[in-house]
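S.K.:
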Amino acid sequence: MLAALGGMGGFLVGVWATDLFLLLAPPGIPRLDMVGLDGSVFVFALGITLGTSVLFGLVPALHASQMDMHEALRATTTTGSGRPHGGRSMRSSLVVAEVGLAMMLLIVAGLLTRSFTNLLSWEPGFEEEHLLTVWTFLSPGVYPDRQQLPTFYDRAVEELRALPGVEAVATASAGPMFGGGDGSGEVLVAGRPAPPGERPALRWFDVSRHYFATMGIPLIRGRGFEESDRWGAPRVALINETAARTLFGDRSPVGRRITMLLHEMTMEIVGVVADVPPMDPNVPVAPEVYWPFAQVPRWASFIVVRTTGDPALQAKVITDRLTAMAPTIKLSTPQTLPELIDHSLVGPRFSMLLIVVFAGVALVLAAGGVYGVLAYTVVNRTKELGIRMALGADSRTVVWMVVRQGLAPAIAGAA
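See the structure below:
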């Protein structure tokens with residue numbers, strides 16, 4: 004009867020919890036539309052219920068059938084319990100396992116919560132205020148020649164910069180908050196023999212010449228991109244501090260040439276920019292290379308706008324201006340930096356919530372297990388406890404003796 008009630012209650016909680024899960028789940032989880040409880044789940048729950056009731060009803064029955072009556076009478080006389088010592092050991096072992104599993108989930112929940120807290124305190128290394136981003140895509144059918152793309156984006160940058168309340172505008176293929184890196188590729192340093200085994204790899208981006216000033220990423224050494232770094236001009240690149248240390252150690256990388264094997268592209272390093280740490284504090288900064296969008300144009304790009312006031316107020320004006328310039332352009336919904344950060348935290352927040360809920364349920368179940376074993380033991384030892392108190396034991400000593408018996412499996416499980 005208890006198992007049936009528990010199984011039925013668990014299935015009903017599962018129906019409610021699944022609806023809540025779907026409500027809280029972030030978009031992008033594979034096959035989320037297929038999540039639900041069907042007949043197979045009900046049959047599984049029914050089988051678990053029946054199996055549990057048979058197993059936990061059969062084990063005590065087997066113990067009772069094998070009990071020596073003389074030992075049982077002796078145990079009843081001395082301890083007030085008709086159960087053999089093996090039954091108590093099994094109950095204690097189950098409590099140890101239950102507490103251990105609950106502690107494991109609690110530790111994982113604590114680690115996830117700490118990681119999430121670190122994400123909330125992320126310091127990106129650039130000026131976060133008043134940034135707005137929008138993803139754009141120009142149709143190859145309308146702009147079949149790649150050389151047309153820098154001209155359009157240069158004009159878009161100038162027109163957006165002329166809007167009231169706009170301080171700076173730039174383009175980027177990706178970035179710390181705009182989709183991560185475009186990819187990673189092995190690199191060779193000119194004048195240095197190829198190292199045996201795996202070659203160093205750099206994450207790569209293409210950006211406009213105003214990108215670093217717009218983002219507020221400082222230039223550490225050398226120069227930034229200039230108007231002359233365009234299609235047909237000698238290829239140039241900027242690298243971050245981590246890439247400079249990885250490839251050149253303490254030597255200056257400015258003026259050195261590197262080749263990206265994936266793109267079969269050789270570039271001269273003209274400067275070094277500051278590192279931008281990833282959102283995950285446990286992930287080290289990757290070596291990165293940036294090259295001018297004007298030299299390697301693509302049909303898709305992010306436009307980054309820095310405003311003097313609330314960037315959200317500029318969103319419609321910016322999209323209207325871009326649509327007026329190119330009616331066929333595809334645009335994403337503009338997002339401010341806090342919105343981008345919040346979007347990137349949806350997945351970690353949901354994972355943390357699930358683990359915390361499971362850990363809380365496990366903790367309640369473990370507490371119920373400890374309480375059940377302790378209460379059962381106290382009931383069986385009523386005569387013994389009464390005799391101890393009749394012989395002069397004070398209530399504090401008796402309570403501590405019982406609590407200590409319950410604490411022992413809990414401490415063992417926690418350990």
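The sequence shown begins at 4 in our numbering and counts up one residue at a time. All residues carry an ideal CB built from backbone N, CA and C; glycine is no exception. Note that the coordinates shown come from a computational prediction; the quantities given were computed from them, not determined experimentally.
1. Check whether the stretch 130–143 and the stretch 299–306 touch, using three or more Cβ-Cβ pairs below 8 angstroms as the test.
2. Any chance the stretch 92–103 sits against the stretch 245–261, with 3 or more Cβ pairs inside 8 angstroms?
3. Looking at arginine 224 and proline 295, is the spacing between their C-beta atoms short of 8 angstroms?
4. Quick one: is glutamate 132 buried, meaning 16 or more other Cβ sit within 10 Å of its Cβ, or exposed?
5. On the three-state DSSP scale, how would you describe tryptophan 125?
6. Between the Cα of arginine 259 and those of Gly188, Leu250, Gly113 and Val111, spot the shortest distance and give me the residue it belongs to.
7. Could you check if asparagine 121 is buried or exposed, using at least 16 other CB atoms within 10 Å of its CB as the buried criterion?
8. Assign methionine 282 to one of three DSSP states: helix, strand, or coil.
9. By how many angstroms is the C-alpha of glycine 39 removed from the C-alpha of aspartate 18?
10. Identify every residue that forms a DSSP beta bridge with valine 190.
11. Extract the residue ranges of the beta strand (DSSP E) inside the stretch 195–223, only unbroken runs of 3 or more that lie entirely within it.
12. Select from Leu340, Ser95 and Val46 the residue whose C-alpha is nearest the C-alpha of glutamate 126.
13. Measure how close the beta-carbons of glycine 274 and glycine 227 come, nearest whole angstrom, since I'm counting them as under 8 angstroms.
14. Could you please give me the residues that DSSP links to threonine 52 through a beta bridge?
15. Can you tell me the Cα-Cα spacing of alanine 7 and threonine 52, whole angstroms?
16. From the DSSP secondary-structure annotation, give me the bridge partner or partners of valine 292.
17. Over the uninterrupted alpha helix (DSSP H) stretch that includes arginine 407, give me the two end residues.
18. Which residues does DSSP pair with threonine 339 in a beta bridge?
19. Identify whether alanine 318 lies in helix, strand or coil by the three-state DSSP scheme.
20. Please report how far the alpha carbon of glutamine 408 lies from the alpha carbon of leucine 104, in whole angstroms.
21. For the alpha helix (DSSP H) that contains serine 304, what are its first and last residues?
22. Closest to arginine 324 by C-alpha separation, out of Leu35, Val16, Arg149 and Ala159, would be which residue?
23. Looking only at DSSP bridge pairs, what is lysine 333 linked to?
24. Go ahead and label valine 210 buried or exposed: buried means 16 or more other beta carbons lie within 10 angstroms of its beta carbon, across all protein chains shown.
25. Helix, strand or coil for methionine 4 per DSSP?
26. Are the stretch 398–414 and the stretch 370–381 in contact at 8 angstroms, needing three or more beta carbon pairs?
27. Assuming leucine 28 is part of the alpha helix (DSSP H), what are its boundary residues?
28. Sorted by chain position, which residues of the same chain lie with C-beta nearer than 7 angstroms to leucine 316's C-beta, five sequence neighbours on each side aside?
29. Taking the alpha carbon of leucine 356 as the point to measure from, which residue in Ser118, Pro33 and Ala393 has its own alpha carbon closest?
30. Return yes when the Cβ of leucine 109 is within less than 8 angstroms of the Cβ of alanine 362, no when it is not.
31. Rounded to the nearest angstrom, what separates aspartate 157 and leucine 343 at their Cα positions?
32. Where proline 87 and valine 402 are concerned, what is the direct C-alpha to C-alpha distance, given to the nearest angstrom?
33. Within this structure, are the beta carbons of arginine 301 and serine 142 separated by less than 8 angstroms?
34. In the DSSP output, what is glutamate 271 paired with across the bridge?
35. What separation, rounded to the nearest whole angstrom, lies between the Cα atoms of glutamine 150 and threonine 326?
36. Can you check DSSP and say which residues form a bridge with threonine 174?
M.R.: According to the structure shown:
1. Touching, yes.
2. no
3. Numbered from its first residue, the sequence shown carries residue 295 at position 292. Numbered from its first residue, the sequence shown carries residue 224 at position 221. Result no, Cβ atoms of proline 295 and arginine 224 do not sit closer than 8 angstroms.
4. Reading the sequence shown from its first residue, position 129 is the one you call residue 132. Counting Cβ neighbours within 10 Å, glutamate 132 comes out exposed, since fewer than 16 surround it.
5. In the sequence shown, counting from the first residue as 1, residue 125 sits at position 122. Of the three classes helix, strand and coil, the one that applies to tryptophan 125 here is coil, per DSSP.
6. For the purposes of this step, residue 259 is taken as the residue at position 256 of the sequence shown. It is Leu250 whose Cα lies nearest to the Cα of arginine 259.
7. Counted from its first residue, the sequence shown places residue 121 at position 118. It is exposed - the Cβ of asparagine 121 has fewer than 16 other Cβ atoms within 10 Å.
8. Mapped onto the sequence shown, residue 282 falls at position 279. Methionine 282 falls in the coil class under three-state DSSP.
9. Counting from 1 along the sequence shown, the entry for residue 18 is found at position 15. Counting from 1 along the sequence shown, the entry for residue 39 is found at position 36. Residue 18 is actually valine in this sequence, not aspartate. One C-alpha to the other measures close to 8 angstroms.
10. Position 187 of the sequence shown, counted from the first residue, corresponds to residue 190. The partner list for valine 190 (beta bridge, DSSP) reads Met263.
11. 204–210
12. Working through the sequence shown from its first residue, we reach residue 126 at position 123. When only C-alpha atoms are compared, the closest one is Leu340.
13. As a first step, residue 274 must be located in the sequence shown, where it is residue number 271. As a first step, residue 227 must be located in the sequence shown, where it is residue number 224. Contact between glycine 274 and glycine 227 holds, since their C-beta atoms are separated by about 6 angstroms, short of 8 angstroms.
14. Counting from one through the sequence shown, the residue named residue 52 turns up at place 49. For threonine 52, which the question treats as bridged, DSSP gives no partner whatsoever.
15. Mapped onto the sequence shown, residue 7 falls at position 4. Mapped onto the sequence shown, residue 52 falls at position 49. Alanine 7 and threonine 52: Cα-Cα distance of roughly 6 angstroms.
16. Along the sequence shown, read from residue 1 onward, the residue named residue 292 stands at position 289. Partner(s): Trp207 and Ile242.
17. Here the question's residue 407 lines up with position 404 in the sequence shown. Arginine 407 -> alpha helix (DSSP H) spans 398–417.
18. For the purposes of this step, residue 339 is taken as residue 336 along the sequence shown, with counting starting at 1. Its beta-bridge partners are Leu135.
19. What you label residue 318 is simply residue 315 of the sequence shown in a count that begins at 1. Taken through DSSP and simplified to helix, strand or coil, alanine 318 comes out as helix.
20. The sequence position of residue 408 within the sequence shown is 405, counting from 1. The sequence position of residue 104 within the sequence shown is 101, counting from 1. In a straight line, the C-alpha of glutamine 408 is about 20 angstroms away from that of leucine 104.
21. Residue mapping note: residue 304 aligns to position 301 of the sequence shown, counting from 1. For serine 304, there is no enclosing alpha helix (DSSP H); the residue is found in the beta strand (DSSP E) stretching over 303–310.
22. In the sequence shown, counting from the first residue as 1, residue 324 sits at position 321. Minimum Cα distance to arginine 324 is reached at Ala159.
23. Taking the first residue of the sequence shown as position 1, residue 333 is located at position 330. Answer is Phe140.
24. Along the sequence shown, one-based indexing puts residue 210 at 207. So valine 210 ends up on the buried side.
25. Here the question's residue 4 lines up with position 1 in the sequence shown. Coil at methionine 4, not helix or strand.
26. yes
27. Along the sequence shown, read from residue 1 onward, the residue named residue 28 stands at position 25. A small correction: the amino acid at residue 28 is alanine; leucine does not occupy that position in the sequence shown. Bounds of any alpha helix (DSSP H) do not take in alanine 28, whose DSSP letter is neither H nor E.
28. Translated into positions along the sequence shown, residue 316 becomes position 313. Cβ within range, chain order: n/a, list empty.
29. Numbered from its first residue, the sequence shown carries residue 356 at position 353. Of the listed residues, the one whose Cα sits closest to leucine 356 is Ser118.
30. What you label residue 362 is simply residue 359 of the sequence shown in a count that begins at 1. What you label residue 109 is simply residue 106 of the sequence shown in a count that begins at 1. Their beta carbons are under 8 angstroms apart, which means alanine 362 touches leucine 109 by this criterion.
31. Here the question's residue 157 lines up with position 154 in the sequence shown. Here the question's residue 343 lines up with position 340 in the sequence shown. Each residue's Cα considered, the two are about 25 angstroms apart.
32. By one-based count along the sequence shown, residue 87 stands at place 84. By one-based count along the sequence shown, residue 402 stands at place 399. In this predicted model, proline 87 has a pLDDT of only 48, less than 50, meaning its place in the structure is not dependable; the value taken from the coordinates is given anyway. Cα-Cα distance, rounded: 23 angstroms.
33. Numbered from its first residue, the sequence shown carries residue 301 at position 298. Numbered from its first residue, the sequence shown carries residue 142 at position 139. No.
34. Within the sequence shown, numbered from 1, the residue matching residue 271 stands at position 268. Per DSSP, Val239 and Arg260.
35. Stepping through the sequence shown from its first residue, residue 150 is reached at position 147. Stepping through the sequence shown from its first residue, residue 326 is reached at position 323. Cα to Cα, glutamine 150 sits roughly 21 angstroms from threonine 326.
36. Walking along the sequence shown from the start, residue 174 turns up at place 171. Answer is Ile306.
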